[in-house]
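Visitor:
In this note's numbering, the protein residues as written are 19 to 284.
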């Protein structure tokens with residue numbers, strides 16, 4: 019058999035009680051940087067999670083300035099906010115953008131590295147702060163991956179791909195996706211399906227375990243996407259979509275995506 023390896027990603031807490039369970043496992047040794055965006059905050063999606071964390075004794079430093087395709091300026095502002103507060107752990111809450119900022123903030127605060135020294139593959143070799151990621155859409159799979167992408171000067175997108183960025187925990191809470199608009203549900207669901215398809219057909223690093231995750235991701239996503247669109251309050255379908263997107267993320271974290279994603283940045 020050809021040599022191969024597989025990384026399983028973060029520990030997963032699934033279900034509507036995931037907030038309390040994440041709050042329980044986060045270390046109690048200092049403040050927590052809570053990275054999100056203003057849209058999530060204005061919709062009240064974070065309220066239950068913030069309450070659960072605070073009820074468990076975690077003092078939160080909320081950074082909600084993350085924009086779509088987050089800039090390096092935003093990332094550095096999040097890092098500075100965390101350093102000033104002396105945070106000892108990070109929670110990323112939202113779509114792919116807040117989670118990517120949270121990954122890099124946890125690493126840069128914990129390691130003390132400069133972001134310009136870690137762009138690329140496995141150049142981040144230091145120790146990140148403990149990190150939990152909470153997706154509010156079933157699409158990017160960012161909570162499962164070692165990758166973060168930032169928009170730099172001149173609209174150049176640069177990425178970090180390193181195991182040091184992998185979260186310790188992730189929460190798949192279907193209540194956070196209940197009622198999402200049909201168009202958003204469809205777009206994020208197709209995004210997740212593309213992740214699984216590209217991982218399964220990848221020419222590099224695919225292996226028997228990544229194939230299992232990719233196939234199960236397609237089974238969950240293909241079997242529930244239409245139902246989630248037609249019945250936006252269907253908790254079972256929403257939970258299956260979250261799990262499918264996560265499995266797709268694990269698959270492409272091990273068997274990289276290919277041409278379809280490359281074409282997004284001509």
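Glycine included, each C-beta is placed from N, C-alpha and C at the ideal position.
Bear in mind that the values here come from a model prediction, so they are computed numbers and not experimental data.
Helix, strand or coil for residue 148? Go by DSSP, reduced to three states.
Guide: Residue state, collapsed to three classes: coil.
Visitor: Can you check which of these residues, 65, 146, 90, is closest to residue 105 by C-alpha distance?
Guide: For the residues 65, 146, 90, the minimum Cα distance to residue 105 belongs to 146.
Visitor: Can you list, in chain order, the residues of its chain whose CB lies under 6 Å from that of residue 32, leaving out five sequence neighbours each side?
Guide: Only 190 meet the Cβ criterion.
Visitor: Below 9 Å between beta carbons: does that hold for residue 179 and residue 24?
Guide: No. Outside cutoff.
Visitor: Please work out which residues of its chain come closer than 8 Å, Cβ to Cβ, to residue 142, disregarding the five sequence neighbours upstream and downstream, and give them in chain order.
Guide: If we look at residue 142 and ignore the five residues flanking it on each side, its Cβ neighbours are 125, 129, 131, 136, 178, 180, 182, 183.
Visitor: For residue 30, list the residues DSSP reports as bridge partners.
Guide: 188, per the DSSP bridge assignment.
Visitor: Sort out for me which residues DSSP pairs residue 110 with in a bridge.
Guide: Beta-bridge pairing links residue 110 to 53, 151.
Visitor: Assign residue 24 to one of three DSSP states: helix, strand, or coil.
Guide: Correct three-state label for residue 24: coil.
Visitor: If you reduce the DSSP assignment to three classes, tell me which class residue 78 lands in.
Guide: Three-state result, residue 78: strand.
Visitor: Between which two residues does the beta strand (DSSP E) containing residue 225 stretch?
Guide: Neither: residue 225 is in no beta strand (DSSP E) and is coded neither H nor E.
Visitor: Could you name each continuous beta strand (DSSP E) segment of 3 residues or more that falls completely within the stretch 154 to 210, going from the start of the chain to the end?
Guide: Listed in chain order, the complete beta strand (DSSP E) runs (minimum 3 residues) inside the stretch 154 to 210 are 165 to 169, 175 to 179, 187 to 190.
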